[in-house]
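Chemist: Okay, here's the structure, questions in a sec.
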Amino acid sequence: QPVAMNAFELISLSKGLNLGNLFDA
Amino acid sequence: CCDADLYKQPRGLEDPEALARETVFSVSEIEALYELFKKISSAVIDDGLINKEEFQLALFKTNKKESLFADRVFDLFDTKHNGILDFEEFACALSIFHPNSPIDDKIEFSFQLYDLKQQGFIERQEVKQMVVATLTESGMNLSDDVIESIIDKTFEEADTKHDGKIDKEEWRNLVLRHPSLLKNMTLQYLKDITTTFPSFVFHSQVDDT
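As given, the protein sequences belong to chains U and Z, one line each in that order.
The numbering used here puts the first sequence at residues 27 to 51.
The numbering used here puts the second sequence at residues -9 to 199.
As structure tokens, this is what we get:
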């Protein structure tokens, strides 16, 4: 149920914020 | 017969001990992190610096992707504001993402990240822009009404001063109530950096005991 989600929780799902990907370089 | 440049340390790793003192990394971890930096910084132009294209390439494995957040993260890493990242900027910024870094540093960095216009507060329009960007990049589709209600609910909780914006104090209170909002501010990889890049030992300048 998306309405129950905090906007920042949603934003934090962005791939651009997942810096763990840098380690697969 | 002597090319002095051959004997110079690679650009950006002149003083790993000084960088270790400035960050939460040990000298060995700094040297291992430099192995990662070399990989990323040589992807397009092998100049010992990371440009935005190389940063996006490392994040998304493609340089075609436009990302509001990759841009924003890059700009925050780029503390010298010259459009490129040297190793010192890279190490200092990633230090904030280390599991051992103080939570206050993570709160501050995440606040700056979301304060797109750098006005000292996060306004509703910025939150909407970021929500829409996240949905677009992940191919999710939510109606404008649903997006607005998510933002309404968020501001009801976060904006305790009821002035239509989230200041640093309100942000701090929000993330302390919802620690999951800081989840992407901690990279477990950084704890294992010396085992991920063991080749640093071949270039190590110090005995890190």
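Here a beta-carbon is modelled for each residue, glycine too, at the ideal position from N, C-alpha and C.
Nothing here was measured: the structure is a model prediction, and the numbers come from that model.
Tell me whether the beta-carbon of residue 49 (chain Z) lies closer than 8 Å to the beta-carbon of residue 36 (chain U).
Modeler: No, the pair does not count as a contact, with Cβ atoms beyond the cut-off.
Chemist: For residue 111 (chain Z), which beta-bridge partners are listed by DSSP?
Modeler: Z:157
Chemist: Judging by CA-CA distance, which residue of Z:194, Z:108, Z:110, Z:31 is the nearest neighbour of residue 79 (chain Z)?
Modeler: Z:31
Chemist: Nearest to residue 135 (chain Z) by alpha carbon, out of Z:54, Z:128, Z:143?
Modeler: Nearest C-alpha to residue 135 (chain Z): Z:143.
Chemist: I'd like the list of long-range same chain contacts for residue 127 (chain Z), defined as Cβ closer than 7 Å, with 5 residues on each side in sequence excluded.
Modeler: 57
Chemist: Use the C-beta contact count for residue 72 (chain Z): other C-beta atoms within 10 angstroms, 16 or more gives buried, fewer gives exposed.
Modeler: Result: exposed.
Chemist: In angstroms, rounded to a whole number, what distance separates the CA positions of residue 40 (chain U) and residue 81 (chain Z)?
Modeler: 23 Å
Chemist: Just to confirm, are residue 84 (chain Z) and residue 40 (chain Z) a CB contact at a threshold of 8 Å?
Modeler: no
Chemist: Below 8 Å on the Cβ atoms is my contact criterion, and I expect residue 6 (chain Z) with residue 17 (chain Z) to pass it. Report the Cβ-Cβ distance as a whole number of Å.
Modeler: 5 Å
Chemist: Per DSSP, which one or two residues make a beta bridge with residue 75 (chain Z)?
Modeler: Z:40
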